[in-house]
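Right, one structure below, let's go through it.
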């Protein structure tokens, strides 16, 4: 199975007195992820960019 490494942003937030995690992405590189992390709308939340391996799927007709 083919895979690709991408970056995702995980943000901690509160909803109805519960700690929740939200993910944003995927991003091709850490710099792009960091730009979103430090954006005006998200910079007040705790978050971190992490690199993950994602499987690539293709349609049968593309094989």
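Numbering (the numbering used here), first residue to last: 23 to 85. No residue lacks a Cβ here, since even glycine has one placed at the ideal position from N, Cα and C.
Straight-line Cα distance separating residue j from residue i
i	j	result
residue 59	residue 26	22 Å
residue 41	residue 71	18 Å
residue 65	residue 73	20 Å
residue 52	residue 28	8 Å
Residue nearest to residue i in terms of C-alpha spacing, selected from the options
i	options	result
residue 45	31, 37, 63 and 52	31
residue 36	68, 77 and 75	68
Limits of the unbroken beta strand (DSSP E) element including residue i
i	result
residue 51	From DSSP, residue 51 is part of no beta strand (DSSP E); its letter is neither H nor E.
residue 70	69-77
One or two residues paired with residue i in a DSSP bridge
i	result
residue 45	32
residue 25	77
residue 40	37
Neighbourhood of residue i by C-beta distance below 8 Å, restricted to the same chain and skipping five residues each side
i	result
residue 43	32, 33, 34 and 35
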